[in-house]
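For the record, in the sequence shown the residue sitting at position 108 is 916 according to this note's numbering, with numbers rising by one throughout. Cβ atoms here follow ideal geometry from the backbone N, Cα and C, with glycine treated the same way. Note that the coordinates shown come from a computational prediction; the quantities given were computed from them, not determined experimentally.
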Amino acid sequence: MTSQERIKALLNFQIPDRIAKADGFWKETVERWHTEGLPEGQSPEAYFGLNEFGSIWVDLSFRFKEEILDETDEYTILRNEYGVTRKLLKRGSGWIPHDMDFAVKDWRSWEEHKPLLQASEDRIAPQTKETYRRLREEGRFITYGMPDPYEKTQGVIGQVALLTKMAEDPAFIRDIFETHTTLMIQMCQMLMDRGIVFDGAWLNGDIAYKNGMLFSPSVYREILMPSHKRLFDFFNAHDMPVIYHTDGDIREAIPLLLEAGVRCLQPLEAKAGMDVRRLKEEYGDRLAFMGNIDTRVMSTGDRQLIEEEVRSKITVAKQGGGYIYHSDHSVPPSVSFESYRWMMGLVERYGRY
């Protein structure tokens, strides 16, 4: 089977030849592995056959020209395409950028910038058609990839302002969500009008942390769900099952996400209490899962523990289709190349039908 056929079957709760596989890796992990046996010039995705998905993105930003404001040996301060002044450290990748200032802060500045979010052909990269042709030739499952309206808005006004305004001025946030939703739909339609046929949609929206949702289910239903539902209804109407990435403990939101139209959840952080074995029992006939293989267990290097982690989760999650291998977030440099290589042999063994 091709990756496209395999993933389509899994997301429709059918039985293919095996589970599909995907994963993400820290930059430092790849650097370590190149000293431990991963061939130079080859990515882990290529080496382990983890490149079954392919995504096509468009530019959904204000399209400001990036400007470097300050730079030292330790950091860079820049103003990005959203007008956000951001400090980026130059050491490693185990940190997030520090946002210092925002172009959009209130209704007035939003109304000034809102006209910049119009759909247009020049938001599509010149190489998009060629990328699509190559992904089709490789037999991949092609998604329309993007941040969801929540994640996109966070990138425009910042997390603190977003969560505060959701409580204090929900109409303001709803207007930003809806503006981005309209742009996302229009750009997807523009790509389809160019002959691109998507197999699914993959959206990133981190609406939870290790102890639960970042806001209440009632706030989700009132403020974010209308945009989610409009967006997901569009995708589902075009036979594009929705894969939704959200970190943290998302259990409280699952019924709402199902109602909104999500087909698959990823990455199911084990360190936040997510357990695909329990989720499969409760939702396995209507929700697919991707991930949940605990990187903390991988990091031990203990083959017995690693095999139990893989065996106990995959043998349950793969029943009736609806499961794709992925770590429970991304693979850190504490995981050795040999441990991961051995583990992928287990994924291959237990992931067969």
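Checklist entry - If you scan the stretch 844-914 from start to end, which runs of the alpha helix (DSSP H) of 4 or more residues do you find wholly inside it? => result 852-856
Checklist entry - Any contact of the stretch 915-933 with the stretch 868-884, i.e. 3+ C-beta pairs under 8 Å? => result yes
Checklist entry - Just to check, is the beta-carbon of HIS1053 closer than 7 Å to a non-hydrogen atom of the ligand MN? => result By its list of ligands, the structure shown contains no ligand whatsoever, and the ligand MN lies outside what it can speak to.
Item to check | Distance between ASN1044 and ILE1101 (C-alpha atoms, nearest Å) | outcome: Here residue 1101 refers to the residue found at position 293 when the sequence shown is read from its first residue. Here residue 1044 refers to the residue found at position 236 when the sequence shown is read from its first residue. C-alpha separation (whole angstroms): 28 Å.
Next on the checklist: Comparing C-alpha positions only, which one of PRO1034, SER1147 and ARG1029 sits nearest to PHE985?
Outcome noted: Position 177 of the sequence shown, counting from 1, holds the residue named residue 985. For PHE985, the nearest C-alpha among the options comes from PRO1034.
Item to check | Residue nearest to THR884 in terms of C-alpha spacing, selected from ASP1083, ALA979, GLU959 and MET908 | outcome: Counting from one through the sequence shown, the residue named residue 884 turns up at place 76. Ranked by Cα distance from THR884, the options ASP1083, ALA979, GLU959 and MET908 are led by MET908.
Next on the checklist: Buried or exposed for TRP915, going by 16 or more other Cβ atoms inside 10 Å?
Outcome noted: Walking along the sequence shown from the start, residue 915 turns up at place 107. By the neighbour-count rule (16 or more Cβ atoms within 10 Å), TRP915 is not buried but exposed.
Checklist entry - Can you tell me the Cα-Cα spacing of TRP841 and LEU858, whole angstroms? => result Within the sequence shown, numbered from 1, the residue matching residue 841 stands at position 33. Within the sequence shown, numbered from 1, the residue matching residue 858 stands at position 50. Rounded to the nearest angstrom, the two C-alpha atoms are 16 Å apart.
Checklist entry - Buried or exposed: where does TRP903 fall if 16 or more other Cβ atoms within 10 Å of its Cβ makes it buried? => result Position 95 of the sequence shown, counting from 1, holds the residue named residue 903. Exposed, by the Cβ-count rule.
Checklist entry - Taking the alpha helix (DSSP H) that ARG1119 falls in, what are its first and last residues? => result Position 311 of the sequence shown, counting from 1, holds the residue named residue 1119. Element bounds for ARG1119: 1111-1125.
Item to check | 8 Å CB neighbourhood of ARG1085 in its chain, flanking five on each side removed | outcome: Taking the first residue of the sequence shown as position 1, residue 1085 is located at position 277. Answer for ARG1085: SER1120, LYS1121, VAL1124 and ALA1125, listed in chain order.
Checklist entry - What residue from TYR940, SER1144 and LYS1088 has the CA that sits closest to PHE821's CA? => result In the sequence shown, counting from the first residue as 1, residue 821 sits at position 13. Per the Cα distances, LYS1088.
Checklist entry - Thinking C-beta only, is PRO955 closer than 8 Å to GLY1013? => result In the sequence shown, residue 1013 corresponds to position 205, counting from 1. In the sequence shown, residue 955 corresponds to position 147, counting from 1. Contact: yes.
Checklist entry - If you draw a straight line from the alpha carbon of ALA1061 to that of LEU1076, how long is it in whole angstroms? => result Taking the sequence shown and counting its residues from 1, one reaches residue 1061 at position 253. Taking the sequence shown and counting its residues from 1, one reaches residue 1076 at position 268. So the two alpha carbons sit approximately 13 Å from each other.
Item to check | Helix, strand or coil at HIS921 according to DSSP, with G and I counted as helix | outcome: For the purposes of this step, residue 921 is taken as residue 113 along the sequence shown, with counting starting at 1. If DSSP states are grouped into helix, strand and coil, HIS921 belongs with the helices.
Next on the checklist: Is the beta carbon of ILE1114 closer than 8 Å to that of MET1151?
Outcome noted: Numbered from 1 along the sequence shown, position 343 holds the residue referred to as residue 1151. Numbered from 1 along the sequence shown, position 306 holds the residue referred to as residue 1114. Yes.
Item to check | Minimum C-alpha distance to LEU876 - residue among ARG894, GLU882, PHE1040 and GLY862 | outcome: Counted from its first residue, the sequence shown places residue 876 at position 68. Note on residue identity: the sequence assigns Ile, not Leu, to residue 876. The shortest Cα separation from ILE876 among ARG894, GLU882, PHE1040 and GLY862 belongs to ARG894.
Next on the checklist: Considering only their Cβ atoms, is the gap separating THR951 from ASP1007 smaller than 8 Å?
Outcome noted: Within the sequence shown, the letter at position 199 stands for residue 1007. Within the sequence shown, the letter at position 143 stands for residue 951. The answer is yes: Cβ separation under 8 Å.
Next on the checklist: Rounded to whole angstroms, what is the Cα-Cα separation between GLU848 and GLN994?
Outcome noted: As a working note, residue 848 is residue 40 in the sequence shown. As a working note, residue 994 is residue 186 in the sequence shown. Taking the straight line joining both Cα atoms gives about 41 Å.
Checklist entry - At what residues does the alpha helix (DSSP H) containing PRO978 begin and finish? => result Residue 978 sits at position 170 when you count from the first residue of the sequence shown. Residues 978-1001.
Checklist entry - By the 10 Å Cβ neighbour count, where 16 or more other Cβ atoms means buried, how is PRO923 classified, buried or exposed? => result Locating residue 923 in the sequence shown gives position 115, where the first residue counts as 1. Classification of PRO923: exposed, given that the 10 Å Cβ count is below 16.
Checklist entry - Going along the chain, which unbroken runs of the alpha helix (DSSP H) with 4 or more residues stay wholly within the stretch 1058-1096? => result 1062-1068 and 1084-1091
Item to check | Own chain residues within Cβ distance below 8 Å of LEU846, not counting five before or after | outcome: Against the sequence shown, residue 846 aligns to sequence position 38. The answer, listed in chain order, is VAL838, PRO852, TYR855 and PHE1145.
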